[in-house]
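Listed in order, the protein sequences are those of chains A and B. The first sequence begins at 0 in numbering that gives the first Met the number 0 and counts up by one. The second sequence begins at 0 in numbering that gives the first Met the number 0 and counts up by one. Using N, Cα and C, we set each Cβ at its ideal position, and we do this for glycine too. Worksheet: the structure to be examined is printed underneath.
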Amino acid sequence: MRTEDILRAFIVDELGFAGAARDLTDDLELIEAKVLDSLGIFQLVTYIEEECGIEVRDEELLPANFSTIASLAAFVDSKRAA
Amino acid sequence: MTSQVIHARLQAAAVAAPARPAIVDGERSISYGELDDRSDELARLLVGLGVQPGDRVGLHLEKSIEALTGIYAILKAGAAYVPLDSDAPPMRLGYIARNCELRCLLSAGDKAVEWGPLCDAGAPLETIVVLDEVLAEAASRDRAAAPAGVRVVSEPAAVESPAGSAPRAEAGADDVAYILYTSGSTGEPKGVTLTHRNALAFVDWAVERFAVGPQDRLSSHAPLHFDLSIFDLYAAVTAGATLVLVPAQASVFPSQLARFIAESQISVWYSVPSILTMLALRGGLAETSLPHLRTVLFAGEVFPTKHLRRLMGLLPGAAFVNLYGPTETNVCTYYEVPSPAEDRDDAIPIGRAIDGVDAFAVTDEGALAEPGEVGELHVGGPTVMRGYWGDGERSERALVPDPRGGEGAVYRTGDLVVEDPAGDFLFLGRRDSQVKSRGYRIELGEIERALEAHEAVVECAVVAIPDDLVTNRIKAFVAVREPVEGSELARFCAQRVPRYMVPESFALQDALPKTSTGKIDRRRLAGAAQPEPEEAR
């Protein structure tokens, strides 16, 4: 499964996304659209650390990496490749 | 004697130090003098628009200089403010507006799209006052934004209204200052009605106890419809301190929040524990990170002790205080966490009554609980609410005669407590199905009523799963008569209850397990929903 789809599934199933999965596009601004708040981000970090076997450092927890599913997937994939 | 109406505190601060910054809102700030003048102008406008003493006026805009100017204007007009959660669905806001008869609403241009749905949901609005200049122009260009029969007024019109003396302070200490709506088990939110005196009895104690002074910079993290905001706003104005509005964006990422606190030089922080837990775990804090922060207050839910201890280790210069109290009583007890933190993991106490407040536990038999004996916490004194708006019956159940035979009514909190040998109360749990999540009070029954309205739902049970970070996660078990997606139920719920009450997951099944008496077996469901034990971070 693509990283994007793993992330999308987690947001829909575990973070109570109240829309249809198809509305959760790769480019949707997750924080502006109030899909993710501080606690949602926190859960998401814990999940990707466990699921993708990476470690997210405090200073990597930034809008640049977490604003959209696309940016998150790019971040996760680059950490995996490292 | 210090005046016992809230807006008189603003007037006093404006006289004492007109140039001192009252509110910092991102790049903008406003001085006490200016805040006083602008809220006077707006109050005159409101009075001119027909707002009467004793009226309720809604606040429907993001927390901002404008929103706070609106609050003081409403109070100066002798009315009470009703902060509406801008993330709550129109259906719920419509109920609130009907319940407390909101005829006038202070809003912002970017909220214009929500006015129609609000009126469609039955809000009896007659006037909407738009408080931001830029968007007010857009609103006046596009009158289509105004729902039929509602007049939309732009605030700049206030400048044209005849200038004159300050509007007469009609309100007295025992008049209603604000109504905060909380989750109700019957499916409708209930309006906790508080007076100027209720707020200031707590605020005055806190200002003295925590020595809040003009040099302080207080955080404003909680939204205005959440009662933590009462300390932020009114301790700051009483002390003539500066209030720093914490942008929602800044608190999303813990290390950004840490930087914001440092750069804003916040000296007194107040929030729910979950935000502080994130700061402790992910804030990238070092011992020297937040040199200005001297006091950290928290309330709303239990702070897991291991996270609290970690944060105290990272902020050795700050005092930590647990504040406790349902919205109905304001803060009524406090516990100053000893430092250095002891190496123990049991929950810290909620502490003892603040000055002037009476807190005591009553056993099931109706006797005063002895130390060591479990009882329901009762609270009496000047911080206790007047009642639930428009619901005398529920008010009477909550505000009962003092079981010890004393004068005046006391509030039954529904919280079970025990007094420890040191004289501090420990919180043990609830008598009913009210739970906390992220500091918000949630009646599981209200979510169940919302779900039951869906045509596919036969019956449902909403359970709270204890969680280290957010206190509880909400899960729904639903028996359905026809296939339906969990996301459809989530969407349906989100139209009826605020986001923080929408279950995180929906387990769909043909039938729910029953107890021998035929009731839904909630205990079994809660057990089934427990996650696998995880390694604690």
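Local conformation of residue i per DSSP, three classes
{"i": "residue 158 of chain B", "result": "Any reading at residue 158 of chain B must be qualified, since the residue scores a pLDDT of 47, below 50, and its modelled position is unreliable; no value is offered."}
{"i": "residue 270 of chain B", "result": "strand"}
{"i": "residue 304 of chain B", "result": "helix"}
{"i": "residue 3 of chain A", "result": "helix"}
{"i": "residue 535 of chain B", "result": "Here the model assigns residue 535 of chain B a pLDDT of 39, short of 50, so the residue's position is not dependable and the matter cannot be decided."}
{"i": "residue 480 of chain B", "result": "coil"}
{"i": "residue 286 of chain B", "result": "coil"}
{"i": "residue 10 of chain A", "result": "helix"}
{"i": "residue 414 of chain B", "result": "strand"}
{"i": "residue 0 of chain B", "result": "Because residue 0 of chain B carries a pLDDT of 45, less than 50, the predicted location of this residue cannot be relied on, and no value is offered for it."}
{"i": "residue 222 of chain B", "result": "coil"}
{"i": "residue 297 of chain B", "result": "strand"}
{"i": "residue 194 of chain B", "result": "strand"}
{"i": "residue 214 of chain B", "result": "coil"}
{"i": "residue 39 of chain A", "result": "helix"}
{"i": "residue 78 of chain A", "result": "helix"}
Check whether residue i and residue j have beta carbons under 7 Å apart
{"i": "residue 39 of chain B", "j": "residue 303 of chain B", "result": "no"}
{"i": "residue 188 of chain B", "j": "residue 177 of chain B", "result": "no"}
{"i": "residue 399 of chain B", "j": "residue 411 of chain B", "result": "yes"}
{"i": "residue 256 of chain B", "j": "residue 250 of chain B", "result": "yes"}
{"i": "residue 219 of chain B", "j": "residue 231 of chain B", "result": "yes"}
{"i": "residue 489 of chain B", "j": "residue 15 of chain A", "result": "yes"}
{"i": "residue 494 of chain B", "j": "residue 195 of chain B", "result": "no"}
{"i": "residue 349 of chain B", "j": "residue 332 of chain B", "result": "yes"}
{"i": "residue 182 of chain B", "j": "residue 440 of chain B", "result": "yes"}
{"i": "residue 70 of chain B", "j": "residue 80 of chain B", "result": "yes"}
{"i": "residue 7 of chain A", "j": "residue 53 of chain A", "result": "no"}
{"i": "residue 445 of chain B", "j": "residue 186 of chain B", "result": "yes"}
{"i": "residue 352 of chain B", "j": "residue 358 of chain B", "result": "yes"}
{"i": "residue 56 of chain B", "j": "residue 103 of chain B", "result": "yes"}
{"i": "residue 438 of chain B", "j": "residue 299 of chain B", "result": "yes"}
{"i": "residue 216 of chain B", "j": "residue 184 of chain B", "result": "no"}
Contacts that residue i makes with chain B (C-beta to C-beta distance below 8 Å)
{"i": "residue 57 of chain A", "result": "253, 254, 281, 282 and 283"}
{"i": "residue 33 of chain A", "result": "86 and 498"}
{"i": "residue 140 of chain A", "result": "As shown, chain A starts at 0 and ends at 81. That puts residue 140 of chain A outside it, with no answer to give."}
Residue nearest to residue i in terms of C-alpha spacing, selected from the options
{"i": "residue 253 of chain B", "options": "A/22, A/76 and A/62", "result": "A/62"}
{"i": "residue 241 of chain B", "options": "B/233, B/465 and B/374", "result": "B/233"}
{"i": "residue 496 of chain B", "options": "B/476, B/452 and B/465", "result": "B/452"}
{"i": "residue 15 of chain B", "options": "B/41, B/100, B/238 and B/109", "result": "B/238"}
{"i": "residue 371 of chain B", "options": "B/351, B/393 and B/416", "result": "B/416"}
{"i": "residue 491 of chain B", "options": "B/449, B/418 and B/312", "result": "B/449"}
{"i": "residue 363 of chain B", "options": "B/356, B/347, B/402 and B/351", "result": "B/402"}
{"i": "residue 5 of chain B", "options": "B/75, B/42 and B/27", "result": "B/75"}
{"i": "residue 354 of chain B", "options": "B/405, B/208 and B/222", "result": "B/208"}
{"i": "residue 73 of chain B", "options": "B/30, B/170 and B/118", "result": "B/170"}
{"i": "residue 49 of chain B", "options": "B/301, B/83 and B/124", "result": "B/124"}
{"i": "residue 145 of chain A", "options": "B/129, B/498 and B/243", "result": "Missing from the structure shown is residue 145 of chain A; chain A here goes from 0 to 81 and no further."}
{"i": "residue 312 of chain B", "options": "B/329, B/289, B/379 and B/175", "result": "B/289"}
{"i": "residue 343 of chain B", "options": "B/322, B/309 and B/360", "result": "B/309"}
{"i": "residue 518 of chain B", "options": "B/460, B/529, B/112 and B/153", "result": "B/460"}
{"i": "residue 389 of chain B", "options": "B/184, B/507, B/222 and B/100", "result": "B/100"}
{"i": "residue 292 of chain B", "options": "B/24, B/225, B/316 and B/301", "result": "B/316"}
{"i": "residue 425 of chain B", "options": "B/360, B/212, B/391 and B/294", "result": "B/360"}
{"i": "residue 57 of chain A", "options": "A/66, A/49, A/44 and A/50", "result": "A/44"}
{"i": "residue 227 of chain B", "options": "B/271, B/259, B/235 and B/97", "result": "B/271"}
{"i": "residue 25 of chain B", "options": "B/284, B/247, B/301 and B/198", "result": "B/247"}
Interface residues of chain B facing residue i [CB-CB closer than 7 Å]
{"i": "residue 4 of chain A", "result": "Simply none; closest approach about 15 Å."}
{"i": "residue 15 of chain A", "result": "489, 501, 502 and 503"}
{"i": "residue 12 of chain A", "result": "504"}
Within chain B, partners of residue i - CB distance below 9 Å
{"i": "residue 61 of chain A", "result": "252, 254 and 255"}
{"i": "residue 19 of chain A", "result": "484, 486, 487 and 490"}
Under 8 Å from the C-beta of residue i: neighbouring residues of chain A
{"i": "residue 277 of chain B", "result": "37, 38 and 41"}
{"i": "residue 274 of chain B", "result": "37"}
Within-7 Å CB hit, residue i to chain E
{"i": "residue 30 of chain A", "result": "In the displayed structure, chain E is absent; the protein chains listed are A and B."}
Contact set between residue i and chain A, taken where Cβ atoms lie within less than 9 Å
{"i": "residue 493 of chain B", "result": "15, 17 and 18"}
Contact test: residue i Cβ vs the ligand GDP heavy atom, cutoff 6 Å
{"i": "residue 344 of chain B", "result": "Inclusion of the ligand GDP in the displayed structure is not the case, the ligand content being empty and no account of it being possible."}
Partners in chain A for residue i, counting only beta-carbon separations shorter than 7 Å
{"i": "residue 314 of chain B", "result": "Residues of chain A passing the Cβ test: none, with the nearest at roughly 16 Å."}
{"i": "residue 437 of chain B", "result": "38"}
{"i": "residue 149 of chain B", "result": "In chain order: nothing, as chain A lies at least about 27 Å away."}
request  = Only counting runs of 3 or more residues, tell me where the beta strand (DSSP E) segments fall wholly within the stretch 490 to 527 of chain B, in order along the chain.
outcome  = 504 to 508
ask   = If you scan the stretch 341 to 385 of chain B from start to end, which runs of the beta strand (DSSP E) of 3 or more residues do you find wholly inside it?
value = Runs found: 357 to 361 and 374 to 379.
request  = Would you list, in sequence order, the uninterrupted beta strand (DSSP E) runs of no fewer than 3 residues that lie entirely inside the stretch 446 to 475 of chain B?
outcome  = 456 to 466
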